[in-house]
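>
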Amino acid sequence: MLSLTIGLVALFATGIGQRPAGAAWDRTYDVVLYNLPYLAAAAACVVAARRVRTERVAWAALAVALTLGAVGNALRVLSAGLDGDEPSSALSHVVTLAAYLVMYVPVVVLIRARVPRFHPSMWLDGVVAALGSLSAGVAFLLGPHLRTDSGAAPVTAVDLVAPVTTVLLIAVVMAVGGILGVRLDRTFVLLGAGLVLICVSDVILFALKVQGAYVDGGPLELGWLASVVLAAAAAERAVERPAPVDAPGSRIGWRLLAVPLACLMASLVVLSPGWSPPVPDIAGWLAIGCVLAGVVRIAVTFREVREYNQVKLESRTDELTGLANRRALLEQAQRVVASAGRERPAALLLLDLDGFKEINDSLGHSAGDDLLRQIGPRLRSSLRSDDLLARLGGDEFAVLMPAAEPAEARALAERLHDLLLAPFTVADIRLHVGVSIGVAATPAPATTVQELLHCADVAMYTAKRAREGVHVYVPDPVTGTAGSDRLRTMEELRTALDGDELRVFLQPQMDLRDGRIVGVEALVRWDHPTRGLLLPGHLLPAAEQAGLLRSLTDRVLELALAAAARWWRDRSVPVSVNLSAGNVTDLDLAGKVAAALHRHGLPPQALTLELVEDTLMGDPERGRTVLADLRRSGVRTSIDDYGTGYSSLAYLRQLPADELKLDRSLTADVDRDPRAAAIVQSTVALAHALGLSVVAEGVETLATSTTLARLGCDVAQGYAIARPMPVDDFLRWLAASDSGLIDEALIPHLTQGLAAD
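Note that this note's numbering gives residue 495 to position 496 of the sequence shown, counting from 1, and the numbers run on in steps of one.
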């Protein structure tokens, strides 16, 4: 349609000044050829209305306006008679006025499609632009013709309709420019340029008519036709737009203020004294209104700036404590790291309160909040003026130290640690809380904010596990950077969980009474593509810190059951899998395990699930519910590493378990230490009285296994029986036994030292 419109305009343009003689031909030329581009552009708008649903009303209205414009032009030419000297009919004026009025609709609809919400400042920008352009239009376009010299014929009201409508259209266009600003929106630019051309052509037409110099069919008519071409181009470029997003930040800059400022300056020009003849009074009042609207706009701007600064401050402040929050810390750390050098290092201290959960659980969250509010005032007196204390969330705080040596950072960490050990008064109760502090420095070993946070986080967790209060991050001795082995393992583990790099190694469990293999424990290994076989010591801490323990356990369970399915039909040897704390508190665990057993064609007795004592301490009631559901489904449960955790007798009484596994710390010296033997013997007796079987871990010598058998242990697991081995090796090892009895020749060489698991 755009090409057709351009072609028709070109066809009309070639006939200007070269028409065949004859008034009838002139009328036909003006009625047909002049108005065909209007109709072609209207058709382009109809197509755009069907294509762009969000702007359908706008393009339909513009099509109506162009059609009315063509009809009005035709009526005007036909009513002028063959000689063109008759006055235009009232109908032509009405239709043309209707075309101008309908033309406002697409402008309003298109701006609404681009602005999700009109802020007060946007309304004021539009008012300033509209009043300013109106005052200038009335003063300089209409003003000279509203007052005529003596003896001159006054301009008729009918003749003033077109210029007044034009001035109003200019005001609408300027108001839209004030609201949207100067944007590179191709549709609006093309449509706006077309409207401007209409206004310019109308103004020139009015001036020529007043002077009696207008000649119908001249080059001026190309101005309106050019606007028609621009309207067709805008319709062709119209596209479906996503829902508008309220983004106040995009309304900042010269593009926003250009139109209102120009109109405000125009109003000041109108109000300038010395105009001869004087401008009409209405123009002056419009200019005064524009200036007053500009003053209000300035007041609104100050209010918006104040609110913006308040929001900016609140977005960087922790609501509870009034300290800087994580965002403020990261922004400041970004600047500190960027400027840190060898001569001006910086440090980050990461603080995590110990025992804060118990305070919340015992005294309520309001007491915990009260404690957190006391942290800042207590620590601030020990900080330097340029140190930044921030609360990162929960009970975690941070101190950013620009221009601080590592030794200085450690000294401050020690002072803060001692300060927080002093008692707090919360709800009229004196409370003691501990704190674990990790210290990291930049530019070595951390070179970015992310590395600095990671190093401090690793150091803090190290301090918490070792209960040493303060720990300074030490770079990986291999890489020498903040990209430590654990960080690399954490990132690569996420990929490995979805691949086939994880393996299970199996360690047999032998009945101490008859030597039969009565179980096997599945131990995870990571067959890393570049770092070789990684043991749990490398794998599990990284999985815990990355929050992947639950996913890792689910994967190991699948691998273990797949392995057990390979021997279960020939030998009913169950497989044991360790549970994480996340699994133990999963109320759907029993259903998931049953589904996994069904997938591999195994009965419930083919699986034993192990858990360490302290995995239940976070939510013991929930954990007991989960374990009870597992037992009812037929899956056996085992308490692993007994003797290293809480080891509470009440805990044993309440916990629904089938098996107790003695940690190697209890069994290692049982054949040489009578006290160790006495502890094992009494524990075995207690377990048997509670209906639990006893598995001894870490059995590394035949002497140890003999002593454990004498003390009543049921099953042994350790190097004295076999080391952990891949699934295929275990199948061969199991097949080599004689009806499940381990032959003397198959028992591996006795080893000293601890097992790898």
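Note that CB positions come from ideal geometry on N, CA and C, so glycine has one too.
Among 370, 228, 627, which one has its Cα closest to the Cα of residue 584?
The shortest Cα separation from residue 584 among 370, 228, 627 belongs to 627.
> Are the CB atoms of residue 683 and residue 675 within a distance shorter than 9 Å?
Their beta carbons are not under 9 Å apart, which means residue 675 does not touch residue 683 by this criterion.
> Any beta carbon of chain B sitting closer than 9 Å to that of residue 703?
In the structure shown, chain B cannot be found, because there is only a single protein chain.
> Between which two residues does the beta strand (DSSP E) carrying residue 440 extend?
Counting along the chain, the beta strand (DSSP E) containing residue 440 begins and ends at 433–441.
> Exposed or buried, what is residue 324 when buried is set at 16 or more other beta-carbons lying within 10 Å of its beta-carbon?
It is buried - the Cβ of residue 324 has at least 16 other Cβ atoms within 10 Å.
> Measure the C-alpha to C-alpha separation of residue 469 and residue 404 and round it to an integer number of angstroms.
For residue 469 and residue 404, the distance between alpha carbons rounds to 16 Å.
> Please classify residue 723 as buried or exposed, where buried requires at least 16 neighbouring CB atoms within 10 angstroms.
Buried, since its Cβ has 16 or more Cβ neighbours within 10 Å.
> Residue 576 and residue 601 - do their beta-carbons sit closer together than 9 Å?
Going by C-beta atoms, residue 601 is not nearer than 9 Å to residue 576.
> Does the beta-carbon of residue 126 have 16 or more other beta-carbons within 10 angstroms, so that it is buried, or is it exposed?
By the neighbour-count rule (16 or more Cβ atoms within 10 Å), residue 126 is buried.
> Going by other Cβ atoms of all chains shown within 10 Å of its Cβ, with 16 needed for buried, is residue 394 buried or exposed?
The residue is buried, with at least 16 neighbouring Cβ atoms inside 10 Å.
> Along the beta strand (DSSP E) that carries residue 425, what are the first and last residues, could you check?
Unbroken beta strand (DSSP E) run through residue 425: 423–425.
> Check whether the stretch 534–545 touches the stretch 557–567, taking contact to mean three or more Cβ pairs, one atom from each stretch, closer than 8 Å.
The stretch 534–545 vs the stretch 557–567: no contact.
> Can you tell me which of the three DSSP states residue 417 falls into?
Note: residue 417 maps to helix in three-state DSSP.
> Using 8 Å as the Cβ pair cut-off and three pairs as the minimum, do the stretch 256–266 and the stretch 126–141 touch?
Taking 8 Å as the limit for Cβ pairs, the verdict is that the stretch 126–141 does touch the stretch 256–266.
> Suppose you measure from the CA of residue 520 to the CA of residue 501; what does that come to, to the nearest Å?
Roughly 16 Å between the two C-alpha positions.
> With DSSP as the reference, please indicate the residues paired to residue 759 in a beta bridge.
Outside the modelled stretch of the chain, which goes from 0 to 756, sits residue 759, for which no answer is possible.
> Count Cβ pairs between the stretch 229–239 and the stretch 39–57 that sit closer than 8 Å; are there 3 or more?
The answer is yes - the stretch 39–57 touches the stretch 229–239, with three or more Cβ pairs under 8 Å.
> What separation, rounded to the nearest whole angstrom, lies between the Cα atoms of residue 186 and residue 172?
Using only the alpha carbons, I get a separation of about 14 Å.
> DSSP three-state label for residue 516, please.
Strand at residue 516.
> Name the two residues that bound the continuous beta strand (DSSP E) containing residue 462.
Element bounds for residue 462: not the beta strand (DSSP E) but the alpha helix (DSSP H), 448–465.
> Note down the Cα distance separating residue 716 from residue 598, rounded to an integer number of angstroms.
Distance between the alpha carbons of residue 716 and residue 598 is about 29 Å.
> Can you grab the Cα-Cα spacing for the pair residue 348 / residue 522, in whole Å?
Rounded to the nearest angstrom, the two C-alpha atoms are 37 Å apart.
> Does the distance from the C-beta atom of residue 89 to that of residue 286 stay below 9 Å?
Not a contact, by the Cβ cut-off of 9 Å.
> Leaving out the 5 sequence neighbours to the left and right, which residues in its chain are closer than 6 Å to residue 149 when beta-carbon positions are compared?
Note that residue 149 has pLDDT 48, beneath the 50 cutoff, so the model's placement of it is unreliable and the number below is only indicative. For residue 149, where only same-chain residues beyond five positions count, there are no Cβ hits under 6 Å.
> Going by DSSP, what residues sit across from residue 658 in a beta bridge?
637, 692, per the DSSP bridge assignment.
> Cα separation between residue 193 and residue 124?
Their Cα atoms are separated by approximately 22 Å.
> How about residue 282 and residue 269: do their beta carbons lie closer than 9 Å?
Going by C-beta atoms, residue 282 is nearer than 9 Å to residue 269.
> Express the C-alpha separation of residue 467 and residue 524 in angstroms, rounding to a whole number.
Going by the C-alpha atoms only, they are around 30 Å apart.
> Which residues in the same chain as residue 236 place their Cβ atom closer than 6 Å to its Cβ, once the five residues preceding and following it in sequence are excluded?
Once the five neighbours on either side are set aside, the close Cβ partners of residue 236 are 185, 186.
> Just list the alpha helix (DSSP H) runs in the stretch 37–118, keeping only unbroken ones of 4 residues or longer that don't cross its boundaries, in chain order.
You should have 55–78, 89–113.
> With distances taken Cα to Cα, identify the nearest neighbour of residue 387 among 76, 335, 367.
Closest by alpha carbon: 335.
> With a Cβ-Cβ cutoff of 9 Å, do residue 698 and residue 677 count as a contact?
Contact: no.
> Give the secondary structure of residue 329 by DSSP, where H, G and I count as helix, E and B as strand, and everything else as coil.
Residue state, collapsed to three classes: helix.
> CA-CA distance, residue 608 and residue 672?
Near 31 Å, if we compare the C-alpha coordinates of residue 672 and residue 608.
> With distances taken from CA atoms, which of 365, 516, 350, 296 is nearest residue 319?
Nearest C-alpha to residue 319: 365.
> Residues in the same chain with beta-carbon distance under 8 Å from residue 94, minus the five sequence neighbours each way, listed in chain order, please.
Once the five neighbours on either side are set aside, the close Cβ partners of residue 94 are 67, 70, 71, 74.
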